[in-house]
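Worksheet: the structure to be examined is printed underneath.
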Ligand code: F3S
């Protein structure tokens, strides 16, 4: 039997960097360590970090009560105001903001300092978007759908700078940009979508089209894993969504000759490997 494992399965560059940063800090730094929000949407990883003494700060109130320790900023990044607060409190900051997100912070900070109006295309409830919003000064808007774009009224004679949440859908982004462009003459568009998600989906779809059975590994709350599962199921009826090896009934796979494996952006490598090794042993 042949197993095809997606090269893009699991952590993207930014998430891997953030997770590695936490473990590096556990090894090398004394004193309490906190992450601002869970470092990734994966219960097992967060539990493992907690067992090594890393506490998750789940609200700004919890941060307000801190007076010492190391605070790790996750890959989504944070608003400037929160960054300033960490500095004022004299906490040790370890910034694991993904460089692709940091680049957007720099763009919006510079553009709004030049007097331009910032439009962020993305989900206003997502921490990444809230972080970007927080580097944009007060003249900024978040646009998520056609309705928001239609309602948006630009100021006369003011340049608009449009950026995007890194995981936003490219076609939707283009459509929303078109609507905004019709309302103003002076619009600069910076496509800040990261390719990692799209590459993972394209590869998963390709593999699912080649194999007899497909396994998608990821946390049940992970929206990117759910999406990956839907894409794979369209290409391969025999697709299974599991969180860990425990959820996989190997008998269910039946008499297959080829199995594909992929995983969401928050699935650690050891979970993927465990599944891969066990599938290999059984067949
Ligand atoms: Fe960074 Fe792209 Fe991942 S922006 S966190 S590498 S999805």
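Numbering (my numbering), first residue to last: 301 to 583.
Heads up, the beta-carbon is just placed ideally off N, CA and C, and yes, glycines get one too.
- The beta strand (DSSP E) runs lying completely inside the segment 362-450 and spanning 3 residues or more are 370-373, 392-395, 417-421, 440-443, given in chain order.
- In this structure, DSSP gives residue 307 a state outside helix and strand, which the three-state scheme calls coil.
- Boundaries of the beta strand (DSSP E) around residue 560: 558-563.
- One Cα belongs to residue 383, the other to residue 570, and the distance between them is close to 33 Å.
- Per the coordinates, the alpha-carbon of residue 492 lies some 43 Å from the alpha-carbon of residue 581.
- Separation of residue 518 and residue 414 (C-alpha to C-alpha, rounded to the nearest whole angstrom) is 43 Å.
- In this structure the segment 546-560 does not lie against the segment 484-500, because fewer than three pairs of beta carbons, one per stretch, are closer than 8 Å.
- Beyond the five residues adjoining it in sequence on each side, residue 484 comes within less than 6 Å, by CB distance, of 454, 460 in the same chain, given in chain order.
- Look at the beta carbons and you see the segment 383-402 not touching the segment 472-480: under three pairs across the two are nearer than 8 Å.
- Contact between the segment 354-361 and the segment 524-536 is absent: fewer than three C-beta pairs spanning the two stretches fall below 8 Å.
- In the DSSP assignment, residue 539 forms a beta bridge with 514.
- When the Cα atoms are used, residue 336 and residue 301 turn out to be separated by approximately 44 Å.
- In this structure, the C-beta of residue 477 stays at least 7 Å away from each heavy atom of ligand 1.
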